[in-house]
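In this text, residue positions in the sequence shown follow my numbering: the first is 141, and each later residue adds one. Okay, structure first, notes after.
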Amino acid sequence: MNRTRLIFFAVILLALIIVGVSFVATQLSGNIPNPTAQPIQVRVVSALPIEPWVQDAATKFNAEKRTLDGRTIIVTVTPMDSVTALGKWDRGEFNPVPTVWIPDSRYLVELVNATYSAKLGRDVFLTDGEYRARPLVTSLFSWGMYKTRAETLEKKFGKDNINWKTIHDAAIAKGGWRELDGKAEWGYFKLIVPNPRKNAAGLLAMVAAAGEYYDKATITTEDVTNPQFQKWLKELMGSVTDFSSLSSYTVEDLALFGYSVGDGGQLLESDLLVNMQGIQTRWSDPLVIVYPKYLTWFDFPFTIWMGTETSAVEKNAALQFQKFLLSTPIQSTAAARGFRPANAEVSIAGAESLFVKWKDQGAKTLVPSTARMRAPDRETLQTLLRWFDLNVAK
Numbered sequence: 141m142n143r144t145r146l147i148f149f150a151v152i153l154l155a156l157i158i159v160g161v162s163f164v165a166t167q168l169s170g171n172i173p174n175p176t177a178q179p180i181q182v183r184v185v186s187a188l189p190i191e192p193w194v195q196d197a198a199t200k201f202n203a204e205k206r207t208l209d210g211r212t213i214i215v216t217v218t219p220m221d222s223v224t225a226l227g228k229w230d231r232g233e234f235n236p237v238p239t240v241w242i243p244d245s246r247y248l249v250e251l252v253n254a255t256y257s258a259k260l261g262r263d264v265f266l267t268d269g270e271y272r273a274r275p276l277v278t279s280l281f282s283w284g285m286y287k288t289r290a291e292t293l294e295k296k297f298g299k300d301n302i303n304w305k306t307i308h309d310a311a312i313a314k315g316g317w318r319e320l321d322g323k324a325e326w327g328y329f330k331l332i333v334p335n336p337r338k339n340a341a342g343l344l345a346m347v348a349a350a351g352e353y354y355d356k357a358t359i360t361t362e363d364v365t366n367p368q369f370q371k372w373l374k375e376l377m378g379s380v381t382d383f384s385s386l387s388s389y390t391v392e393d394l395a396l397f398g399y400s401v402g403d404g405g406q407l408l409e410s411d412l413l414v415n416m417q418g419i420q421t422r423w424s425d426p427l428v429i430v431y432p433k434y435l436t437w438f439d440f441p442f443t444i445w446m447g448t449e450t451s452a453v454e455k456n457a458a459l460q461f462q463k464f465l466l467s468t469p470i471q472s473t474a475a476a477r478g479f480r481p482a483n484a485e486v487s488i489a490g491a492e493s494l495f496v497k498w499k500d501q502g503a504k505t506l507v508p509s510t511a512r513m514r515a516p517d518r519e520t521l522q523t524l525l526r527w528f529d530l531n532v533a534k
C-alpha cells in the first residue's frame with residue numbers, strides 16, 4: 141500500500157472518529173452541564189399555604205444540579221396570595237412573567253384564561269396536553285374550632301350542626317357566649333375569616349357561606365346581590381375581630397395567641413393538622429375539625445405560562461420541576477405537612493399520618509366527594525369583593 145493510500149485511509153478514519161464523538165456528545169448534551177451556558181431560570185409564583193413545601197422542594201431540586209440541553213435548571217419561588225396574583229395577571233403587571241403559577245384553586249386559572257381569551261383569543265394556561273394544569277396536592281376547607289366552643293354550639297344547636305347558619309346565630313347573640321349556654325368570660329363569639337382582598341381563603345369563605353345559606357353547591361351573582369343574604373352576611377362578618385391583621389392568616393396565630401384570635405372558622409385542613417400538636421401543647425383546649433356539607437377544595441394546580449414571554453426550554457424545564465413535585469418522595473413530604481397527595485402511591489392512612497393521628501379530633505382520611513362547592517364565575521366573585529369593600533372593610 142503506497143503512502144497516498146495510507147494518508148487517505150487515515151483521513152477517513154479520523155473523520156469517522158470525529159463524527160462518532162460528535163454523535164455521542166450530542167446524545168449526552170442534555171445531561172452534561174455546559175459551564176459557559178446560562179442557567180435556565182424557572183420562576184414560580186406560589187400560593188401562600190403551599191409555598192413552604194414548594195420552596196423546600198425547589199431547594200432540593202436545585203441542589204441536585206438538574207440540567208436540560210446541557211444547561212443547569214434553577215428554580216426560584218415567590219410567595220404570593222392568589223387574589224393578589226389574579227389582579228396582577230389581569231392588569232399585566234408581572235415583570236418578568238412567571239414561568240409557573242401555583243394558585244390555591246383551579247378556578248383561579250380559569251378566571252385568568254377568561255381574561256386573556258378576551259384579549260388574545262386563546263388560553264394562556266392549558267387544560268389538556270403535556271403542559272396542562274395539574275393539581276399538586278389537595279386540602280379541604282373545614283371548620284377548626286376550640287373543643288369547648290364546638291361542644292357548646294352542638295349542645296345549643298344540635299350535634300353535627302356546626303355550619304354557617306349556626307355560626308351566624310352565634311355571631312348575632314347579643315348576650316354572647318352566655319346566651320349560647322357557654323361561659324360569660326368567653327365574651328362574644330369571634331369568627332375567623334381572613335381578609336378576602338388579601339387572602340383567597342377569605343373570598344372562598346364568603347362563597348362557602350353563600351352555599352350553605354342557599355343550601356346548594358353553585359352560587360350566582362343574583363344570589364349574592366339578594367338584600368336578605370347581604371344583611372345576613374354582614375351580620376356574620378361583623379363577628380370577625382380585625383380584618384386588617386388577618387391579611388395572610390394561618391392557624392399558627394391560633395397556636396400563638398389562642399382565643400384572642402377567635403373561637404373558630406373555616407380554615408385549611410392542612411393548616412389545622414400541622415398545628416394541632418402545638419395548640420394542644422400550648423393551650424388546654426384542643427382544636428377539633430368539622431367538615432362542612434358543601435366542601436371547598438383547594439387543589440393547587442401547577443400551571444405553566446404559555447405566552448411568548450417564556451421560552452420553550454423554560455417551559456420544558458418547568459415540566460421537570462413539576463415531575464419532581466409529583467414524585468413519591470416529595471409527595472410524602474407534602475403528606476407530612478397535612479396535604480392530601482396527588483400521587484396515588486402516597487397514602488394518608490398509615491400509622492404515621494396526621495390524618496390518623498388526629499382522627500379523634502375529627503380528621504378524616506376519606507370525605508364525601510359528592511357535595512363539592514363549584515367555582516363561581518368572575519362576576520360573582522367581583523360582586524362579593526365589592527360588597528366586602530363597601531360594607532365590611534371600610
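Idealized CB from N, CA, C, for every residue including glycine.
Does the Cβ of Lys330 have 16 or more other Cβ atoms within 10 Å, making it buried, or fewer, making it exposed?
buried
Answer yes if the region 437 to 456 comes into contact with the region 299 to 315, meaning at least three C-beta pairs across the two stretches below 8 Å, and no otherwise.
no
Using CA atoms only, rank isn't needed, just tell me which of Ile180, Gly404, Ser222 is closest to Pro209.
Note that residue 209 is Asp in the sequence shown here, rather than Pro. If we check each option's Cα against that of Asp209, Ile180 comes out closest.
C-beta contact flag for Leu280 and Tyr434 at 8 Å:
With a cutoff of 8 Å on beta-carbon distance, Leu280 and Tyr434 are scored as not near each other.
Say the cut is 7 Å; is the CB of Ala311 nearer than that to a heavy atom of the ligand FAD?
Among the components of this structure there are no ligands whatsoever, and the ligand FAD is therefore not found.
To the nearest angstrom, how far is the alpha carbon of Val182 from that of Pro236?
11 Å
Quick one: any contact between the region 310 to 328 and the region 357 to 367, if contact means 3 or more CB pairs under 8 Å?
no
At the level of alpha carbons, what is the spacing between Leu466 and Trp372?
42 Å
Under a three-way DSSP split, which group does Ile180 fall into?
In the displayed model, Ile180 falls within a strand according to three-state DSSP.
Just confirm the distance between the C-beta atoms of Ile429 and Gly284, as a whole number of angstroms; I'd bet it's less than 8 Å.
6 Å
Quick test of your reading: Thr505 and Ala489, contact by CB under 8 Å. State the CB separation rounded to the nearest angstrom.
5 Å
Hey, out of Thr212, Glu492, Pro238, Arg518, whose CA is closest to Glu449's CA?
Pro238
For Gly405, which residues of its own chain have a beta-carbon under 6 Å away from its beta-carbon, when the five flanking residues on both sides are left out?
Contacts found: Leu331, Ile332, Val333.
So, do the region 257 to 270 and the region 192 to 208 have three or more beta carbon pairs nearer to each other than 8 Å?
No contact exists between the region 257 to 270 and the region 192 to 208.
Can you have a look at Pro481 and say buried or exposed, based on whether 16 or more other CB atoms are within 10 angstroms of its CB?
buried
If we require 4 or more residues per run, which alpha helix (DSSP H) segments fall completely within the region 257 to 305?
287 to 297
Where do the ends of the beta strand (DSSP E) carrying Trp241 lie?
240 to 242
Which residue's Cα is closest to the Cα of Gly227: Ile213, Val215, Arg211, Leu251?
Leu251
Going by the beta-carbon positions, is the gap between Gln370 and Leu427 smaller than 8 Å?
no
Would you mind reading off the limits of the beta strand (DSSP E) that contains Ile444?
441 to 444
For Thr538, count neighbouring Cβ atoms within 10 angstroms of its own Cβ and tell me buried if that reaches 16, exposed if not.
Not covered by the structure: residue 538. The range shown for the chain is 141 to 534.
Burial state of Gly478 (16 or more Cβ within 10 Å)
Burial call: buried.
Is it buried or exposed for Ser424, if we count other Cβ within 10 angstroms and need 16 for buried?
exposed
Complete alpha helix (DSSP H) runs within the region 336 to 379 (minimum length 4 residues, chain order)
Counting whole runs of 4 or more residues, the region 336 to 379 contains the alpha helix (DSSP H) stretches 340 to 354, 361 to 364, 367 to 377.
Are Trp241 and Ala474 close, meaning C-beta to C-beta below 8 Å?
no
Starting from the C-beta of Thr523, find all residues in its chain whose C-beta is less than 7 Å away, skip the five residues before and the five after it, and write them out in chain order.
The answer, listed in chain order, is Thr361, Val364, Thr365.
Nearest to Lys200 by CA position, among Ile213, Pro189, Leu188, is which residue?
Ile213
Close beta carbons around Val486, own chain, < 7 Å, minus the five adjacent residues each side
Thr468, Gln471, Ser472, Ala475
How big is the Cα-Cα spacing for Arg289 and Asp403?
About 7 Å.
CA-to-CA distance, Leu248 to His308, given in whole angstroms
28 Å
Glu270: which of Gln460, Asn483, Tyr256, Val223 sits nearest, CA to CA?
Gln460
Taking the beta carbon of Gly378 as the centre, do at least 16 other beta carbons fall within 10 Å, making it buried, or is it exposed?
It is exposed - the Cβ of Gly378 has fewer than 16 other Cβ atoms within 10 Å.
One question on the structure: do Val391 and Asn415 come within less than 8 Å of each other, judged by their Cβ atoms?
Closer than 8 Å, so yes.
Tell me, which residues are paired with Val185 by DSSP?
Thr218, Trp241
Opposing strand residues paired with Gly405 [DSSP bridges]
In the DSSP output, where bridge partners are listed per residue, Gly405 has Gly284.
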